[in-house]
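Note that our numbering has the sequence shown beginning at 5, numbered continuously upward. Okay, so here's the structure we're looking at.
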Amino acid sequence: MPNPKRRHSKSRRDKRRTHYKAVAPTVASCAHCGSMKLNHTACPSCGYYNGRKMVEMNSGASAE
5 MPNPKRRHSK SRRDKRRTHY KAVAPTVASC AHCGSMKLNH TACPSCGYYN GRKMVEMNSG
65 ASAE
């Protein structure tokens with residue numbers, strides 16, 4: 005198999021890696037309870053999505 009004849013410089017390596025970046029998730033406040041939640045998902049604290057109850061939430065009971 006062919007091997008590279010010359011070493012790529014740090015500048016050339018870094019230019020290739022410019023698009024390798026972490027993207028922060030988009031969050032919004034829940035319209036029902038006001039806590040922060042991911043967009044397009046049901047609220048983890050109250051279970052509402054788009055004004056309707058989607059997930060039934062337990063009142064402090066641990067899952068055992």
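Where a beta carbon is used, it is the ideal one built from N, C-alpha and C, also for glycine.
Check	Outcome
Quick one: grab the DSSP three-state call for Arg10.	coil
Between Cys47 and Met61, what straight-line distance do the alpha-carbon atoms span, to the nearest angstrom?	10 Å
Measuring CA to CA, which of Asn43, Lys57, His23 and Thr22 is closest to Val31?	Asn43
Cα separation between Gly38 and Pro29?	18 Å
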